[in-house]
Amino acid sequence: CKKDPCSGGCPQPAGNRLLASLDALSPKEINDILVDPARVDFYMQCVLETGACDKTGGAIKEGLREWANTKQICRGCNACQTRKIAHIVSVLQKRYKKYYDAVLNKYQA
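Under my numbering, residues 18 to 126 are what the sequence shown spells out, in order.
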């Protein structure tokens, strides 16, 4: 399948079940989170275990924890999950460096 893996036009394997909450979000919805500093703060407090988590925060935490620990984006994920986690990592590195560094410091092997 040559289509965007997140468009729904291609069959996807189940992927990482711990990231199921990310599956429910479109790439646009993830971007909407990443351009809102208050929402980024909420989710990063979840990831860093300094604040409350919802299902989406738990999924982001799992994806970022695995990435920081293994230096691989989303092993065992389907193509859409991998793309979403890679995008989150990229945006953190470019726009939210303090959180990018904090994730590495907390979870790096």
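The beta carbon of each residue, even a glycine, is placed where N, CA and C say it ideally should be.
Around the beta carbon of K78, a 10 Å sphere encloses 16 or more other beta carbons of the protein chains shown; the residue is thus reported as buried. CA-CA distance, W84 to C91, rounds to 6 Å. In this structure T87 is exposed. Its beta-carbon is surrounded by fewer than 16 other beta-carbon atoms within 10 angstroms. Between A76 and the set A31, Q89, Y60 and L121, the nearest pair of CA atoms involves Y60.
For D58, the enclosing alpha helix (DSSP H) starts and ends at P54 to V64. By the criterion of a C-beta distance shorter than 8 Å, V57 is surrounded in its chain by I50, L51, Y113 and Y116, once the five residues flanking it on both sides are discounted. The DSSP-derived three-state label of T73 is helix. The C-beta of N122 has fewer than 16 other C-beta atoms within 10 Å across all chains shown, which makes the residue exposed. Inter-residue distance for V120 and G74 is about 14 Å (C-alpha atoms, whole angstroms). With contacts defined by Cβ atoms closer than 9 Å, Q98 and D40 form a contacting pair.
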